[in-house]
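Residue numbers (my numbering): 1077 to 1412.
Don't be surprised by glycine CBs; every beta carbon is placed ideally from N, CA and C.
One structure is given here, and the rest of the page talks about it.
Right under this line is the structure:
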């Protein structure tokens, strides 16, 4: 049953929400957290998706974690909606409910399921104050009591809480190591951290392997300032996480130091220094240095690289790389 609907749960909940759930208004907050104008009539699924996206914007830059959050919260909303349908397949929480007002029941169940999921997943986020405040505001706007935590009974609120509890419990066993902050359990970088304040890289062990940076602090893509240390390699073990839209026939398993690294749709090894693709490794390495010299905050040249301006630009074949990239002058300016 999972394989038949897993890949489309996120999309279907939005589509189902617009047609089968009562409409409402979602209050939008600006970057400072101030409430601005309503964004218009949207389903409750859309409203909770907006809250979730705000939580992602203010959280740490960890796209794998948030891909999982998006999927799991879409499951929660889908199962809440599908519980009141006699034919729709559920995904995790398999039960059927009846209601006199199905639209209202679905809206309430969806809201409690999404609220509990976001509350749990973003409790320790750097932006928790904002996103949890948005959650509470939206529940109040919809007329629901956030203090209702019961999971027993046939009420839509209890159903939503129960669905969230089921998915939260599943998430603690799905291979993501959520309980320990998604920390890597087996992967260790082979190279010592690079010290960017010193010339050269004399301590590197293997130039074909990833190397962390030793920084006094760094600012991630979410704008969060991280003091000391260096960013970890993000989710190298997540081939072990319960997935969706991925098939076993597209899986390759690599074993290193007794641990199985599962790779779906493996494109093969990149160019390697001193091995196959050595010339491309050297060429790319040198080009990064040359192109980095073009980065000047005083250079006001802008380029719109969106498909709307340039059209589709398919990637070149390997033997076309040298003509596609302008080694000395910078990025390619053609129509593709």
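Buried or exposed for residue 1370, please, with buried defined as at least 16 other CB atoms from any protein chain shown within 10 angstroms of its CB.
-> exposed
Segment contact flag, the stretch 1309-1316 with the stretch 1290-1300, C-beta cutoff 8 Å, min 3 pairs = no
Nonlocal neighbours in the same chain, by C-beta distance under 7 Å from residue 1406, ignoring five residues either side | 1367, 1370
Under 8 Å between the Cβ atoms of residue 1298 and residue 1140?
-> no
Under the three-state DSSP convention, the category residue 1100 falls into | For residue 1100, the predicted model reports a pLDDT of 37, less than 50, meaning its position is unreliable and no value from the coordinates is stated.
Which residue spans inside the stretch 1281-1305 form an unbroken beta strand (DSSP E) run of at least 3?
-> 1293-1295, 1301-1303
Roughly how many whole angstroms lie between the Cα atoms of residue 1360 and residue 1205?
-> 43 Å
Determine contact between the stretch 1338-1355 and the stretch 1375-1382, defined as no fewer than three beta-carbon pairs at a distance below 8 Å.
-> no
In or out: residue 1239 buried (at least 16 other Cβ within 10 Å) or exposed?
-> buried
In whole angstroms, what separates the C-alpha of residue 1195 from that of residue 1319?
-> 23 Å
DSSP beta-bridge partners of residue 1138 | Residue 1138 is not bridged to any residue.
Touch check for the stretch 1181-1194 and the stretch 1221-1237: three-plus C-beta pairs under 8 Å?
-> yes
To the nearest angstrom, how far is it from the Cα of residue 1399 to the Cα of residue 1378?
-> 22 Å
Could you tell me whether the Cβ atoms of residue 1160 and residue 1180 are closer together than 8 Å?
-> no
Under 8 Å between C-beta atoms of residue 1199 and residue 1149 = no
Is it true that the stretch 1265-1275 meets the stretch 1322-1334, where meeting means three or more beta-carbon pairs spaced less than 8 Å apart?
-> no
Report the residue ranges of all alpha helix (DSSP H) runs contained in full by the stretch 1188-1238; include only those spanning at least 4 residues, in chain order.
-> 1204-1218
In its own chain, which residues sit with a C-beta less than 7 Å from the C-beta of residue 1302, not counting the 5 before and 5 after it?
-> 1293, 1294, 1296
Report buried or exposed for residue 1111, applying the criterion of at least 16 other Cβ atoms within 10 angstroms of its Cβ.
-> Residue placement at residue 1111 cannot be trusted, given a pLDDT of 49 that sits under 50; what the coordinates show is reported in the next sentence. Residue 1111 comes out exposed.
Please list, in chain order, all residues of the same chain as residue 1237 whose beta carbon is under 8 Å from its beta carbon, the five residues on each side excluded.
-> 1188, 1189, 1192, 1224, 1225, 1226, 1227
Quick one: Cα of residue 1342 to Cα of residue 1321, how far?
-> 15 Å
Alpha-carbon spacing of residue 1315 relative to residue 1255, whole angstroms | 18 Å
Is it the case that the Cβ atoms of residue 1262 and residue 1165 are separated by a distance below 8 Å?
-> no
Under three-state DSSP, which class holds residue 1382?
-> coil
Return the residue from the list 1211, 1142, 1138, 1162 that minimises the CA-CA distance to residue 1124.
-> 1211
Take the Cβ of residue 1428 as the centre, count every other Cβ of all protein chains shown within 10 Å, and call the residue buried at 16 or more, exposed below.
-> This structure cannot settle anything about residue 1428, because the visible part of the chain is limited to 1077 through 1412.
The alpha helix (DSSP H) with residue 1332 in it runs from where to where?
-> Counting along the chain, residue 1332 falls outside any alpha helix (DSSP H), though it belongs to the beta strand (DSSP E) covering 1327-1332.
Give the DSSP-derived three-state secondary structure of residue 1415 in the structure shown.
-> Coverage of the chain is limited to positions 1077 through 1412, which leaves residue 1415 absent and any answer about it impossible.
Please list, in chain order, all residues of the same chain as residue 1393 whose beta carbon is under 6 Å from its beta carbon, the five residues on each side excluded.
-> none
Is it the case that the Cβ atoms of residue 1182 and residue 1156 are separated by a distance below 8 Å?
-> yes
What is the rounded straight-line gap between the Cα of residue 1137 and the Cα of residue 1202?
-> 11 Å
Would you report the Cα separation of residue 1122 and residue 1169, rounded to the nearest angstrom?
-> 21 Å
With 16 as the cutoff for other CB atoms within 10 Å, does residue 1258 come out buried or exposed?
-> buried
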